[in-house]
Each structure stands twice: as structure tokens, then as C-alpha cells.
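K.L.:
Heads up: take any position in the sequence shown, counting from 1, add 72, and you land on the working numbering.
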Amino acid sequence: MSTTTPTGPPVAGTNARARGGLGRNTQRLNEIGLIGAIVVLFVVLSATAPGFLSVTNQLAILRDAATIGVVAWAMTLVVVAGEIDISIGPAVAFSSVLLAKATGEWHIPFALAVPVCLAVGLLLGAAAGFLRARWGIPSFVATLGLWSALRGLAQYMTDGLPVPLEANGFLDVLAGSILGIPTPAIIMAVLFAVFLFVANRTAYGRSVFAVGGNAEAARLAGINVSRIRVLLFATTGLLAAISGLLLAARLGSGNGGASVGLEFDVIAAVVIGGTSLAGGKGSLLGTLLGVAFITIIGNGLVLLGVNAFFQDVVRGVIIVGAVLINVMLSQRNGARSS
73 MSTTTPTGPP VAGTNARARG GLGRNTQRLN EIGLIGAIVV LFVVLSATAP
123 GFLSVTNQLA ILRDAATIGV VAWAMTLVVV AGEIDISIGP AVAFSSVLLA
173 KATGEWHIPF ALAVPVCLAV GLLLGAAAGF LRARWGIPSF VATLGLWSAL
223 RGLAQYMTDG LPVPLEANGF LDVLAGSILG IPTPAIIMAV LFAVFLFVAN
273 RTAYGRSVFA VGGNAEAARL AGINVSRIRV LLFATTGLLA AISGLLLAAR
323 LGSGNGGASV GLEFDVIAAV VIGGTSLAGG KGSLLGTLLG VAFITIIGNG
373 LVLLGVNAFF QDVVRGVIIV GAVLINVMLS QRNGARSS
């Protein structure tokens with residue numbers, strides 16, 4: 073696709089290509105830096121954290137990575153489009169509660185309860201997207217309202233207590249392993265491949281980047297910006313529901329108080345991976361590395377016996393540092409392309 077426009081002077085195309093080249097170079101440097109940081113983490117934790125390299129712990133890292141990664145793929149496209157979704161944690165918890173209630177108290181057959189939970193997650197996400205697309209409500213505000221409503225509703229439905237799930241073969245598979253690999257990790261990998269294809273090989277993926285780069289220009293080019301936004305948030309809602317099912321299978325219950333702070337881990341993984349909070353630039357490979365980085369740090373802190381409250385301090389420093397680096401790189405690129 074040409075970077076020049078019918079009415080713009082040739083230099084505009086040159087500048088656009090220059091900015092694109094700088095952006096790709098910055099993304100590659102970010103990914104190489106992350107790979108180096110992950111290697112350093114492995115070396116340091118192997119020497120200092122008891123049991124870090126054990127097979128059991130490495131499989132646990134894969135399982136924990138799936139908790140973040142499943143939703144992070146959709147969040148990457150949301151942030152690329154210049155939006156944000158902070159309702160992830162409560163959406164995951166609510167989906168786990170909905171499954172437990174549906175199959176237990178409401179006596180809905182399990183084969184029907186699962187698609188119902190997925191459909192509800194999709195519709196809730198689409199509702200936030202509709203608020204953004206139809207009335208221009210900032211996505212932070214729309215999803216903040218959803219965050220509060222879903223957390224409160226999940227706690228209300230359960231009186232703040234876990235709701236046990238009846239034994240089920242499908243849940244056993246979700247909570248277990250396939251060929252020795254945790255099922256959630258396999259699901260995460262499959263979804264990664266799907267989103268990588270969508271982002272890089274489809275018109276929809278190109279439209280998402282166009283909307284994040286300049287929504288008004290995308291609209292003038294014939295892209296239905298409102299539809300893109302609704303689809304983006306519907307997708308995060310769907311993947312949050314999938315993550316909720318995995319959580320319910322892992323815990324053996326629906327828990328309205330679960331996944332507290334998950335949205336921040338997801339956003340941190342996306343930003344650390346090099347996706348610009350300003351929109352228009354991002355990489356699913358970078359997000360994958362960000363997920364690995366966040367997960368390994370969390371695992372290492374637990375093995376080292378670091379106080380749980382101080383772990384939040386470390387996580388906060390990482391998020392702020394990642395955003396700072398992101399902003400500085402963007403400013404440097406802007407200065408070079410001007």
C-alpha cells in the first residue's frame with residue numbers, strides 16, 4: 073500500500089516512510105532488549121531462586137503466562153487503536169462466577185453454559201465499545217464503569233464467597249495438560265497465532281493501525297471507525313470470558329474477588345512490548361515478550377519470598393518505567409522524522 077496521498081506533495085510520502093522505518097527499528101530494538109532482559113532474568117533467578125529451573129516451575133510459568141497472554145493479544149490491538157480497556161480483571165472474575173452459577177444454581181447444561189458465558193463476555197465488551205463509538209465516551213471512562221459494575225455484580229452474586237463447580241471432564245482438560253503442556257498455554261499460543269495473522273495479514277488489522285494513527289484520516293479514507301472500535305472491545309470481552317473459564321477450571325470455582333489487578337499486568341505487558349499508548353504502533357511479538365517478562369518477574373519474586381505487598385511496588389515501578397521508555401522513544405522518533 074502506498075504511503076503517499078493523491079493530494080500531498082512527494083515529501084509527505086518520504087516523511088511517512090521515514091517515520092515507519094524509524095518505528096520498525098525502534099520496535100526491533102525494543103524486542104531485542106526484552107529478549108536480553110529475559111535471558112538475564114533466567115540467569116539471575118537460576119542462581120538465586122530455589123527451584124526456578126525445575127520442570128514443575130517452568131510449566132507453572134507457562135500457566136501463569138496464559139492468564140495474562142490470552143487477553144493481552146486483544147489488548148494490543150485495542151491500544152494500537154489508541155484506546156484502553158481496564159475492565160479485564162472484573163470481566164474475568166465475572167465470567168468465572170457466571171459459569172459456576174449457570175451450571176450449579178441455575179441448572180443450565182454445561183454444554184450450553186460455556187457458549188452463554190462467552191456470548192455475555194462478548195456483548196459486555198461490545199457495550200463498552202458502543203459507548204465509545206456512538207457517544208464518544210473516552211474508553212477509559214467506559215471501561216472504568218464496566219470495571220466497577222462487573223466487580224460489584226460478581227461479588228453480589230456470590231456474597232463474596234467462591235461458588236464451587238461440579239466435576240466436569242471439559243474443565244479437567246482446561247485445568248490440566250495436553251502432551252505435558254498446560255492447556256491454557258496451548259490456548260494462548262493458538263490465539264497468538266490467530267491474532268498475529270489478523271494484525272499483519274488482514275484488512276481489519278490494517279484498519280486498526282490506521283485508526284490508531286489518525287482516526288479522522290481513517291474515516292475519510294472510508295474506514296468505519298465506529299465498527300472497528302466496537303469489534304475491538306467485543307474481542308477483549310470475549311477473550312476475558314475465555315480467561316474466566318480457564319480461571320474457573322483452575323480454581324474449581326467461580327470467584328468474584330479473583331483476578332484483582334490483572335488489567336494492569338496485561339497493560340504492562342503490552343506497553344513493555346513496545347505498543348505505543350498514543351496508538352498507531354505496536355507488535356504482538358513484543359507483547360509476547362512483555363508477557364514473558366512480567367510472568368518471569370512475578371514467579372521469581374514469589375520464589376525469592378518477596379513480600380506480596382512489595383511485589384505490587386515492583387510491578388508499579390516496571391509499568392511506569394515502561395511507559396517512560398515508550399514516551400522517550402516516541403519523542404526521539406518524532407524528532408528524527410521532523
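C-beta atoms are modelled at their ideal positions from N, C-alpha and C, and glycine is treated no differently. Just so we're clear, the structure is a prediction, and the values are computed from it rather than from any experiment.
Looking at the structure shown, is P256 part of a helix, part of a strand, or coil, going by DSSP?
P.N.:
Position 184 of the sequence shown, counting from 1, holds the residue named residue 256. Note: P256 maps to helix in three-state DSSP.
K.L.:
Taking the alpha carbon of G197 as the reference point, which residue from N379, I368 and L311 has its own alpha carbon closest?
P.N.:
The residue given as residue 197 occupies position 125 in the sequence shown. Of N379, I368 and L311, the residue nearest in Cα terms is L311.
K.L.:
Apply the 10 Å Cβ neighbour rule to R206 and answer buried if 16 or more other Cβ atoms are within range, or exposed otherwise.
P.N.:
As a position in the sequence shown, residue 206 is number 134, starting the count at 1. That one is exposed.
K.L.:
What is the DSSP secondary structure of S325, counted as helix, strand or coil?
P.N.:
Against the sequence shown, residue 325 aligns to sequence position 253. Reduced to three states, the DSSP call for S325 is strand.
K.L.:
Exposed or buried, what is R204 when buried is set at 16 or more other beta-carbons lying within 10 Å of its beta-carbon?
P.N.:
The residue you call residue 204 lines up with position 132 of the sequence shown. The residue is buried, with at least 16 neighbouring Cβ atoms inside 10 Å.
K.L.:
Less than 8 Å between the beta carbons of L170 and V192, yes or no?
P.N.:
Taking the first residue of the sequence shown as 1, we reach residue 170 at position 98. Taking the first residue of the sequence shown as 1, we reach residue 192 at position 120. Against a cut-off of 8 Å, the Cβ pair of V192 and L170 comes out as a contact.
K.L.:
Quick one: what does DSSP say S126 is sitting in, helix, strand or coil?
P.N.:
Reading the sequence shown from its first residue, position 54 is the one you call residue 126. Three-state DSSP puts S126 in coil, outside helix and strand.
K.L.:
Can you tell me whether DSSP reads P187 as helix, strand or coil?
P.N.:
The sequence position of residue 187 within the sequence shown is 115, counting from 1. If DSSP states are grouped into helix, strand and coil, P187 belongs with the helices.
K.L.:
How close, in whole Å, do the beta carbons of A200 and V280 come, if the pair is a contact with beta carbons under 8 Å?
P.N.:
Within the sequence shown, numbered from 1, the residue matching residue 200 stands at position 128. Within the sequence shown, numbered from 1, the residue matching residue 280 stands at position 208. Between V280 and A200 the Cβ distance is about 16 Å, and since that is not below 8 Å, they are no contact.
K.L.:
With respect to the alpha helix (DSSP H) encompassing E288, which residues constitute its N-terminal and C-terminal limits?
P.N.:
Residue mapping note: residue 288 aligns to position 216 of the sequence shown, counting from 1. Element bounds for E288: A287 to L292.
K.L.:
Report all residues from its chain with a CB closer than 8 Å to the CB of G80; omit the five preceding and five following residues, and keep chain order.
P.N.:
Against the sequence shown, residue 80 aligns to sequence position 8. Caution applies to G80, whose pLDDT of 34 falls short of 50 and renders its modelled position unreliable; the value that the coordinates give is listed next. None.
K.L.:
Let me know if E238 comes out buried or exposed under the rule of 16 or more other beta-carbons within 10 Å of its beta-carbon.
P.N.:
As a position in the sequence shown, residue 238 is number 166, starting the count at 1. E238 comes out exposed.
K.L.:
Within the region 321–405, note down every full alpha helix (DSSP H) run reaching 4 residues or more, in order along the chain.
P.N.:
334–344 and 356–375
K.L.:
With distances taken from CA atoms, which of I366, Q227, L376 and A183 is nearest E335?
P.N.:
One-based indexing of the sequence shown puts residue 335 at position 263. With distances taken between Cα atoms, E335 lies closest to I366.
K.L.:
Return the chain-ordered list of same chain residues with a C-beta closer than 8 Å to the C-beta of D384, the five sequence neighbours on each side being excluded.
P.N.:
As a working note, residue 384 is residue 312 in the sequence shown. Around D384: G333.
K.L.:
Could you give the first and the last residue of the continuous alpha helix (DSSP H) run that contains L243?
P.N.:
Translated into positions along the sequence shown, residue 243 becomes position 171. Its alpha helix (DSSP H) spans residues G241 to A247.
K.L.:
Less than 8 Å separating the beta-carbons of F212 and I300?
P.N.:
One-based indexing of the sequence shown puts residue 212 at position 140. One-based indexing of the sequence shown puts residue 300 at position 228. In this structure, F212 keeps its C-beta atom at 8 Å or more from the C-beta atom of I300.
K.L.:
CB-CB under 8 Å to C189, same chain, minus the five flanking residues each way: which ones, in chain order?
P.N.:
The sequence position of residue 189 within the sequence shown is 117, counting from 1. If we look at C189 and ignore the five residues flanking it on each side, its Cβ neighbours are S167, L170, L171, A174, A313, G316 and L317.
K.L.:
With H, G and I counted as helix, E and B as strand and the rest as coil, what does DSSP make of P162?
P.N.:
Counted from its first residue, the sequence shown places residue 162 at position 90. Reduced to three states, the DSSP call for P162 is helix.
K.L.:
Bridge partners of I250, per DSSP?
P.N.:
Within the sequence shown, numbered from 1, the residue matching residue 250 stands at position 178. Paired residues: I253.
K.L.:
So the alpha helix (DSSP H) I225 belongs to, where does it begin and stop?
P.N.:
On the sequence shown, residue 225 is found 153 positions in, with the first residue counted as 1. One point to set straight first is that residue 225 is Leu, not Ile, in the sequence displayed. From DSSP, the alpha helix (DSSP H) with L225 extends over S211 to T230.
K.L.:
Which residues in the same chain have their Cβ closer than 6 Å to the Cβ of A364, if we skip the five residues on either side of it in sequence?
P.N.:
Within the sequence shown, the letter at position 292 stands for residue 364. Excluding sequence neighbours, A364 sits near I110.
K.L.:
Quick one: what's got a C-beta closer than 6 Å to S298's C-beta in the same chain, skipping five residues either side?
P.N.:
In the sequence shown, counting from the first residue as 1, residue 298 sits at position 226. Excluding positions up to five away in sequence, the list reads A205.
K.L.:
Decide if L396 is buried, meaning its Cβ has at least 16 other Cβ atoms within 10 Å, or exposed.
P.N.:
Working through the sequence shown from its first residue, we reach residue 396 at position 324. With fewer than 16 Cβ atoms within 10 Å of its Cβ, L396 is classed as exposed.
K.L.:
Any idea if A271 is buried or exposed, counting beta-carbon neighbours within 10 angstroms, 16 or more meaning buried?
P.N.:
Residue numbering aside, residue 271 sits at position 199 when the sequence shown is read from its first letter. Result: buried.
K.L.:
So which of L131, P187, L216 and V112 has the shortest CA-CA distance to I160?
P.N.:
The residue given as residue 160 occupies position 88 in the sequence shown. Ranking the options by Cα distance to I160, first place goes to L216.
K.L.:
Looking only at C-alpha atoms, which of I339, A341, F124 and A321 sits nearest to V245?
P.N.:
Along the sequence shown, one-based indexing puts residue 245 at 173. With distances taken between Cα atoms, V245 lies closest to A321.
K.L.:
Enumerate in chain order the residues of its own chain whose CB-to-CB distance from A144 is below 7 Å, with the five nearest sequence positions on each side excluded.
P.N.:
Taking the sequence shown and counting its residues from 1, one reaches residue 144 at position 72. Taken in chain order, the residues that qualify are V338, A341, V342, T359 and V363.
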